[in-house]
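What follows is one structure encoded as structure tokens, with my remarks underneath.
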Amino acid sequence: MKKIKKLGVFTSGGDAPGMNACIRAVVRTAIYEGLEVCGVYHGYQGMIDNTFIPMNSRSVSSIINLGGTILKSARSDDFRTKEGREIAYKNIREQGIDALVGIGGDGTFRGGQLISQEMGIPIICVPGTIDNDLFGSDYTIGYDTANNTVIEAIDKIRDTAMSHNRLFFVEVMGRDSGCIALHAGIAGGAEAILLPEKKTAIDELIETLEIAAKNNKTSTIVIVAEGENNGGAYNVAKRVKEKFDYYDTKVSILGHLQRGGSPSSFDRVLATRLGYAAVQELLKGNTQATVGMRGQKAVATPLSEALNSNTFKLDKELVKIAKVMAI
Ligand code: ATP
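Numbering (the UniProt record's numbering), first residue to last: 1 to 327.
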């Protein structure tokens, strides 16, 4: 096993609150263990564009509370090509980097697996995405903060919905995963939740809304995950309005505000634990893995296993609980 001397750290894909806390943990753990550390701006694109910067303990001062990522993030089409990756590998070699930690989602994991296979340097990927849709960790960095942001928005929307007897369709992020929609929907007391994992017919939704109206509800909130089967909140609202005009109907798309903001205490601790674990895995000789929390423990899972396993399975009991609570 070759001794690691210099570590590179980067963030990639969609940004998530807590990425900075994780960068900080990686940098400080590596320095504590006697390694040199270098940051890469703009993820895989930065490896190609040669945007590396040396980092020390002070480079990551006062960032644990910041959303976004100080190293910036990017989606790189160049890195998907063999030629692009060859340039990246040459630059990494010239920097003297002999191990990497990448923070991001499943695309970032795929890129990391290629680095390990093609370039032969060890890499540990840390799950950083608000979607909570990665195998190998009960929670991804940013998910808890995003949930809290959505709940805050729902609470505010509820105030205005109640004052005017309104029906609100609130669209939240989640193209493939309904994790945010389901959890924030329950926490925000939503009357109905539309999920990408479960087809909902408009007639079925209208039936739910009619029951809510019969039960003298003065406001109704429907959470719509962006990847559900009816084409998003505007389409759902339009189709519901055609058949059901009991309420004044409004749509609110929460959009990118769900990605920003200061990370919650949960995300800061999660990010710190996983950043620390990533460096420890490299020092133990692990060459390609993701680290995640399973129960109360930080554990490593080979990237090949994480990328080939089923991720978020819809919790049917939670779906039932959401329905029961909406009566
Ligand atoms: P999020 O879950 O927030 O979308 P992500 O990490 O999945 O984050 P992606 O855009 O899917 O975001 O992936 C990040 C980057 O990883 C891509 O822009 C690309 O540069 C690289 N990448 C993804 N898949 C591959 C692949 N199959 N081969 C090479 N590089 C890849």
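Beta carbons are placed, not taken as given, at the ideal position from N, Cα and C, and that holds for glycine. Note that the structure is a prediction, hence the values are computed from the model and not measured.
Residue i vs residue j beta-carbon contact at 7 Å
{"i": "E242", "j": "T220", "result": "no"}
{"i": "Y276", "j": "A25", "result": "yes"}
{"i": "G43", "j": "A74", "result": "yes"}
{"i": "G142", "j": "P17", "result": "yes"}
{"i": "A300", "j": "N286", "result": "yes"}
{"i": "G102", "j": "G13", "result": "no"}
{"i": "A233", "j": "V240", "result": "no"}
{"i": "I23", "j": "V9", "result": "yes"}
{"i": "D98", "j": "M293", "result": "no"}
{"i": "T311", "j": "F79", "result": "no"}
Residues sharing a beta bridge with residue i, DSSP
{"i": "A298", "result": "M293"}
{"i": "Q288", "result": "I123"}
{"i": "D248", "result": "R166"}
{"i": "I103", "result": "T11, V126"}
{"i": "A192", "result": "V222"}
{"i": "G39", "result": "V9, I53"}
{"i": "I253", "result": "E171"}
Buried versus exposed call for residue i [16 or more other C-beta atoms within 10 Å across all chains shown]
{"i": "K217", "result": "buried"}
{"i": "G185", "result": "buried"}
{"i": "R273", "result": "buried"}
{"i": "N308", "result": "exposed"}
{"i": "R175", "result": "exposed"}
{"i": "D159", "result": "exposed"}
{"i": "I211", "result": "exposed"}
{"i": "Y41", "result": "buried"}
{"i": "D77", "result": "exposed"}
Three-way DSSP call (helix, strand, coil) for residue i in this model
{"i": "I202", "result": "helix"}
{"i": "F79", "result": "helix"}
{"i": "T69", "result": "coil"}
{"i": "I115", "result": "helix"}
{"i": "M55", "result": "strand"}
{"i": "T149", "result": "helix"}
{"i": "T220", "result": "strand"}
{"i": "I4", "result": "coil"}
{"i": "E171", "result": "strand"}
{"i": "I186", "result": "helix"}
{"i": "I92", "result": "helix"}
{"i": "I154", "result": "helix"}
Member of the options whose CA lies at the smallest distance from the CA of residue i
{"i": "R64", "options": "R75, N20, F244", "result": "Checking the sequence, you will find Ile at residue 64 rather than Arg. Among R75, N20, F244, the Cα nearest to that of I64 is on N20."}
{"i": "D15", "options": "I4, T208, T145", "result": "T145"}
{"i": "V172", "options": "N215, R166, I115, S252", "result": "S252"}
{"i": "Q45", "options": "N148, T81, L205, V291", "result": "T81"}
{"i": "R268", "options": "K2, Q288, H164, L66", "result": "L66"}
{"i": "A322", "options": "I202, G188, N50", "result": "G188"}
{"i": "V27", "options": "A271, M47, G261", "result": "A271"}
{"i": "T51", "options": "L71, S61, E36, T249", "result": "L71"}
Chain B within 7 Å of residue i, Cβ atoms only
{"i": "G111", "result": "Of the protein chains in this structure there is only one, and it is not chain B."}
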